[in-house]
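First up is the structure itself, then whatever we jot down about it.
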Amino acid sequence: MTDAALSLAMLTALALFAGAVFLWRKGERQRPALMAILAAVMITNVVIWSLPTTGGQTLAASAQR
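Residues in the sequence shown are numbered consecutively from 90, following my numbering.
Structure below.
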């Protein structure tokens, strides 16, 4: 279940970043910046959940148990 959630978070972050680039090119400034920040936060969360701990397991694998 956590694999699906992490995959969805990455897909959403990529879509947010693509939308931010699209809006930035149209001339908007505030909304694309906020979208890019949200995408960065989501990617950071996925990285945190995917990195192995000192024991060699990820937080996502620990949460599944």
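By construction, the Cβ of each residue, glycine as well, lies at the ideal position given by its N, Cα and C atoms.
Excluding five sequence neighbours on each side, which residues of the same chain lie with their C-beta closer than 7 angstroms to the C-beta of residue i?
| i | result |
| --- | --- |
| residue 152 | 91 |
| residue 100 | none |
Measure the C-alpha to C-alpha separation of residue i and residue j and round it to an integer number of angstroms.
| i | j | result |
| --- | --- | --- |
| residue 106 | residue 130 | 11 angstroms |
| residue 119 | residue 143 | 40 angstroms |
| residue 128 | residue 122 | 10 angstroms |
| residue 112 | residue 135 | 25 angstroms |
Could you give the C-beta distance for residue i and residue j, rounded to a whole number, given that I count them as a contact under 8 angstroms?
| i | j | result |
| --- | --- | --- |
| residue 139 | residue 147 | 6 angstroms |
| residue 95 | residue 149 | 6 angstroms |
| residue 125 | residue 109 | 4 angstroms |
Look up residue i in the DSSP assignment and give the residues it is bridged to.
| i | result |
| --- | --- |
| residue 147 | 141 |
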